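Number 439 in this note's numbering belongs to position 444 of the sequence shown; there are no gaps in the numbering.
I have placed the structure first, in the form of structure tokens, so that the comments after it can refer back to it.
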Amino acid sequence: MGVKIYNSLSRQLEEFSPQIEGQVSMYSCGPTVYDYIHIGNARTALVTDIIRRYLEYRGYAVKLVQNLTDIDDKIITRAQTLGVSSSQLADTNGQAYFEDTQRLGIQPADVHPKATEHIPEMIDLIKTLIAKNAAYVIEGSVYYRVNSFKEYGKLSRRKPEDLLAGARVEVDPRKEDPRDFDMWKAAKPGEPFWDSPWGPGRPGWHIECSSMAMKHLGETIDIHAGGEDLLFPHHENEIAQSELATGKPFARYWVHVAFLKIDGKRMGKSEQNFIFLREALDKYSAEIIRHFLISAHYRHPLDYSLESLQKSESALKRLNNCVDSLQKYYEATPEIEENNSTASVDTSHEDSELLEMIKTLQIQFTDAMDNDFNTAKAIGTIFSFVSHVNKSLRSSNEVSSYTLANAYKVLLETCQVLGIYTMDEQDKDTENTAASLDPLVELLLEIRQDAREQKDWDTSDKIRDRLKEIDIEIQDTREGTSWKFVS
Ligand SMILES: [Zn+2]
């Protein structure tokens, strides 16, 4: 039995089989960096992270690409409001995105391509589509001719008449068909632009993902993930562009993550009912937020509430206590790493019972995750195991150290796939080091601030440069100066 994925394209649970045995190419639509991300956005990023971790746990080598949309109407508008350039705003928020997701324990993708660094690839793809008569130019903008792609609507299963009815009220009268969408937008005065064969302008959002996915993962990718709001029109349009250009399937498995809700409504910037991920992380640990975000299956809606986070908090306390009580047996049993057998010692009834539970945990955890990454069920399995271990630990009958060490090992492995027990050791070390260095770096920053106030730029620069030499980067913002490790 292997991994099964619910494919939004076929609307069926399918056996997962990548194009190349043992290797998975995966693309996930990343953020448009006009602001910090809220925890609703974090749900999609986290599900992508867990799918990747689980496929790796199952022995696949995964190449994950997640883009950054760093040019877009929202970025331009917000940058104008704030009086900064679009690229400055995108850089700051792109950086913030990495900080926030790293704090949540999300591992970086293998490639994080930026739209503005792939303009030539986008222009090439548009040229190909024009050559195939699938696009047309009007006054410096290029539109995709939806009618040229017979399978248009196959992902969203919308019929042409629904698509027409669903098209925006203010349809650009220059378009041949209201469903046509722009791949290249002619520059308006004051907007950032790039040169193209059709004049100065910038790419549309859909062409960005088609180009970057195909550049970094090839013409056909195994898994394409994104939030459910992207299914139409974004993903439908990605398919139309890529498949018409290459004549090959664009993505073999489409994965869509349901919304996070708050007070029964979708959490979103436009609804003004969101909580920034960084705010949540100031109050709760990454593990608590992860536990909450995966407590429902990714295709089911999930409601945000303080009660849910508090439930996750107390669940994790139970988990941590259990792992902590098992740890000493593990540390006292170094041979556990060499021997994978869970049945080598069998001394008491409690022993064999716990050994049986360890096997059950492994089997049920894998079954749940194999079944379209059912994290809710996987967590349930982990917690019933925790209850059993606690019972064994309380029992007056001896359970061998070897068995308890095994319980620790398997429990930790499953928790690490979900990222609900601990961050990587390295992150923990970094956090500890950061905490112990903090007063010292703060002192240096204070001296630097005094120097800056006296316009002693030499001292100020020296402090910054010397810190950089030991991998400490400082950032001056309106709220003051902060620091972090860079490698
Ligand atoms: Zn996308």
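Here a beta-carbon is modelled for each residue, glycine too, at the ideal position from N, C-alpha and C.
Only a predicted model underlies this, so the values are computations on that prediction, with no experimental measurement involved.
Please list the terminal residues of the continuous alpha helix (DSSP H) segment that includes residue i.
i    : result
K354 : 344 to 365
R285 : 281 to 288
P115 : 114 to 126
W200 : 200 to 212
S23  : Per DSSP, S23 belongs to no alpha helix (DSSP H); it is in the beta strand (DSSP E), 18 to 23.
I216 : Segment 216 to 222 is the beta strand (DSSP E) holding I216; no alpha helix (DSSP H) there.
K154 : Unbroken run through K154: none, as it is neither H nor E.
L77  : 68 to 77
D277 : 272 to 278
Y403 : 396 to 413
V42  : 34 to 52
I15  : That residue, I15, is in no alpha helix (DSSP H); it is neither H nor E in DSSP.
Tell me where the beta strand (DSSP E) around residue i begins and ends.
i    : result
Q83  : Careful: Q83 lies outside any beta strand (DSSP E), inside the alpha helix (DSSP H) at 81 to 98.
V132 : 130 to 133
W179 : 176 to 181
K479 : 475 to 480
H251 : 246 to 252
I143 : The residue asked about is misnamed: residue 143 is Ser in this sequence, not Ile. From DSSP, S143 is part of no beta strand (DSSP E); its letter is neither H nor E.
D561 : This structure cannot settle anything about residue 561, because the visible part of the chain is limited to -4 through 482.
V137 : 136 to 139
D298 : 297 to 299
N2   : -1 to 2
Here's the rule I'm using: 16 or more other beta-carbon atoms within 10 Å means buried, otherwise exposed. How should residue i be labelled?
i    : result
I218 : buried
K170 : buried
M364 : buried
V166 : exposed
N316 : exposed
S81  : buried
L77  : exposed
Q61  : buried
V141 : buried
K154 : exposed
D451 : exposed
F480 : exposed
T27  : buried
L225 : buried
G196 : buried
I377 : buried
D175 : buried
Roughly how many whole angstroms lie between the Cα atoms of residue i and residue j?
i     : j    : result
K58   : Q14  : 13 Å
V405  : L356 : 8 Å
E146  : A235 : 8 Å
M178  : P192 : 13 Å
F93   : P103 : 8 Å
S3    : F11  : 13 Å
S143  : I216 : 23 Å
G(-3) : P168 : 51 Å
V252  : G263 : 14 Å
I289  : E302 : 15 Å
A446  : E437 : 14 Å
M209  : C410 : 33 Å
A327  : V318 : 14 Å
Y397  : K278 : 38 Å
K313  : L407 : Residue identity check: residue 313 is Arg in the sequence provided, not Lys. Rounded to whole angstroms, R313 to L407 spans 14 Å at the Cα level.
S347  : P329 : 21 Å
Any heavy atom of ligand 3 closer than 7 Å to the CB of residue i?
i    : result
H229 : Ligand 3 is not part of the structure shown, which contains ligand 1 as its ligands.
Starting from the C-beta of residue i, find all residues in its chain whose C-beta is less than 7 Å away, skip the five residues before and the five after it, and write them out in chain order.
i    : result
I101 : A40, L41, D44
D190 : none
A130 : I121, L124, V137, Y138, Y139, R140, M178
Between which residues of its own chain and residue i is the CB-CB distance below 6 Å, once the five residues before and five after are set aside?
i    : result
A373 : F360, A363, M364
L276 : R98
I284 : A275
D105 : K58, L59
S247 : According to the sequence shown, residue 247 is Arg rather than Ser. Taken in chain order, the residues that qualify are D217.
F271 : Y31, H33
D86  : none
Within its chain, find whatever has a CB closer than 8 Å to the CB of residue i; leave out the 5 residues flanking it on each side and keep chain order.
i     : result
K260  : E266, N268
K(-1) : L8, E9, E10, F11, D365, N366, D367
G17   : G54, Y55, A56
A567  : The structure shown does not extend to residue 567, since the chain is modelled only from -4 through 482, so no value can be given for it.
N401  : I331, T337, L350, I353
With 8 Å set as the bound, which would you pick, yes or no: does the beta-carbon of residue i sit closer than that to a beta-carbon of chain D?
i    : result
F271 : You won't find chain D in this structure, because it holds only one protein chain.
Name all residues in chain order for which at least one heavy atom of ligand 1 lies closer than 5 Å to the residue's CB.
-> C24, C204
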